[in-house]
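A.B. asks:
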Amino acid sequence: RYYYETGQLQDEREYQDHQLCGKRCTWYENGVKEEESHWLDGKPHGTTTFWYENGNKESVTTFVHGKMDGTRTQWNEDGCIESVTSWKQDKKSGKAVFFFPNGKKKTEFIYVDDELVERTVYYENGRRKSHCCFKNNKKHGKLTTWYPTGQVESEISYVQDVRHGPSIFYHPNGVRKSESHYVNGKRNGIRIQWYPNGQKESESEWQNNVQHGYTYLWYEDGTPAARLYYENGELIQETR
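Here the sequence shown is numbered in the working numbering, starting from 85 and rising by one per residue.
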């Protein structure tokens, strides 16, 4: 046992064969418990709990032979839950969930052997804000975003953090806003834009991220507005 100069108990431990084995508890000088942990052969084994000086829990972690294995839960000093993460042999494995102060989910990660494979972000109202899959800790696959109403905002394809494939955006009313195609991070092919009423706004040709070819423009009522011709991003001809 160890004590503060005031006589308040500070640290109490159990030993076996000169190694921590059993329960260990520590206290703040004000008498509030700071830590309660369980040990085996000198390593944490079982549940370890920490408290803030105000008495609220700070974290609860499960250990197996010195390595985090199971659930780890953390709270802020006011007692609101901050995160719940799953571990296997000191590696993130499964869900890692972070929360808003109101207790609703803010972000949810999914890990396999410490590697991020999926991420979902939420609005404070509980609706999804974005979802994406990962490979080698880089965006890989479709990234989807939503408006706070729950309506899809965008769908973008990635390969190893680089845009590759279709990129589609939507107006808040659900009508498609634009559609482009990317190759290795550069816009290529036809890009189309629409007004919120569904009428086509423009159609343009792209090559290696610059306009190259014809671009057609329309007014919101469907009347043709202009025809433009580009070469390597430079406007060559305009017809109205």
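C-beta atoms are modelled at their ideal positions from N, C-alpha and C, and glycine is treated no differently.
Curious, which full-length beta strand (DSSP E) runs of at least 3 residues does the region 215 to 270 contain?
C.D. replies: Assignment of beta strand (DSSP E) within the region 215 to 270, counting only whole runs of 3 or more residues, yields 225 to 230, 236 to 243, 246 to 254 and 260 to 267 in chain order.
A.B. asks: Kindly indicate the opening and closing residues of the beta strand (DSSP E) around residue 91.
C.D. replies: That residue, residue 91, is in no beta strand (DSSP E); it is neither H nor E in DSSP.
A.B. asks: Taking the continuous beta strand (DSSP E) assigned at residue 306, which residues delimit it?
C.D. replies: Taken as a continuous stretch (DSSP letters only), residue 306 belongs to no beta strand (DSSP E), as it is neither H nor E.
A.B. asks: Alpha carbon to alpha carbon, what distance is there between residue 139 and residue 163?
C.D. replies: 9 angstroms
A.B. asks: Pick helix, strand or coil for residue 127, following the three-state DSSP scheme.
C.D. replies: If DSSP states are grouped into helix, strand and coil, residue 127 belongs with the strands.
A.B. asks: Quick check on DSSP: helix, strand or coil for residue 162?
C.D. replies: coil
A.B. asks: Just to confirm, are residue 287 and residue 296 a CB contact at a threshold of 8 angstroms?
C.D. replies: no
A.B. asks: Please name the residue, chosen from 123, 144 and 262, that lies closest to residue 100 on a Cα-to-Cα basis.
C.D. replies: 123
A.B. asks: Can you look up residue 208 in the DSSP assignment and give me helix, strand or coil?
C.D. replies: coil
A.B. asks: Cβ of residue 328 within 8 angstroms of Cβ of residue 167?
C.D. replies: Residue 328 lies beyond the residue range present for the chain, which begins at 85 and ends at 324; the question has no answer from this structure.
A.B. asks: Return yes when the Cβ of residue 198 is within less than 8 angstroms of the Cβ of residue 179, no when it is not.
C.D. replies: Going by C-beta atoms, residue 179 is not nearer than 8 angstroms to residue 198.
A.B. asks: As a quick exercise: from 209, 87 and 275, pick the residue whose alpha carbon is nearest that of residue 96.
C.D. replies: 87
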